[in-house]
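> Before anything else, here's the structure in question.
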Amino acid sequence: MNRQLDQSDLFTMLVRGLFRRCARCGGKGAFLTGWKKQEERCKTCGFAWQRDLVGFQLGAAAINFILTGGSLLFVMAIGVTTTYPDVPAWPLIAVVGSVALFVGIGGYPTSYTVWLAIDLRLRPLSEDEIADAAEHARS
Ligand SMILES: [Zn+2]
Numbered sequence: 024m025n026r027q028l029d030q031s032d033l034f035t036m037l038v039r040g041l042f043r044r045c046a047r048c049g050g051k052g053a054f055l056t057g058w059k060k061q062e063e064r065c066k067t068c069g070f071a072w073q074r075d076l077v078g079f080q081l082g083a084a085a086i087n088f089i090l091t092g093g094s095l096l097f098v099m100a101i102g103v104t105t106t107y108p109d110v111p112a113w114p115l116i117a118v119v120g121s122v123a124l125f126v127g128i129g130g131y132p133t134s135y136t137v138w139l140a141i142d143l144r145l146r147p148l149s150e151d152e153i154a155d156a157a158e159h160a161r162s
């Protein structure tokens, strides 16, 4: 059993999640093999990510909202500060709207992997889950 897998700090796990990697092991393309197609387990460490779906979907939606809102505010702030005092309202609205759609829809899988990092930190794997993952891990 690889104990180091479950010793990563939250920052490392969040960065892995941002790049759609497994928060536990950093395995590439874990869980989400397409935009919406989900695997039951991480292809690398065997971790079954659907531990308890009650509330998980809501957490992922909240992360998507935060990522979308954050990028929207970021782009809006850059647009306003670089063009002030003659802020081009309609072009800025078009750019901000495009960013909101792109991040909101395109970031859907990322919101799952980021939330998984937080979920793993809040509810560490039990001994049974670790043993189950080890059985399904690619060796
Ligand atoms: Zn993994």
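Residue numbers for the sequence shown, in our numbering: 24 to 162.
Beta carbons are placed, not taken as given, at the ideal position from N, Cα and C, and that holds for glycine.
These numbers come from a predicted model, not from an experiment.
Strictly under 8 Å for the Cβ-Cβ distance: is F54 near chain D by that measure?
Any reference to chain D falls outside this structure, which holds one protein chain only.
> With DSSP as the reference, label R39 as helix, strand or coil.
helix
> State yes or no: is the C-beta of T67 nearer than 7 Å to some heavy atom of ligand 1?
yes
> Could you check what DSSP says for L124 in three-state terms: helix, strand or coil?
Secondary structure at L124: helix, using DSSP grouped into helix, strand and coil.
> Ignore the nearest five residues each way along the sequence and tell me which others in I86's own chain have a CB closer than 7 Å to its CB.
S134, V137, W138
> Within 10 angstroms of the Cβ of L143, are there 16 or more other Cβ atoms? Answer buried if so, exposed if not.
Burial call: buried.
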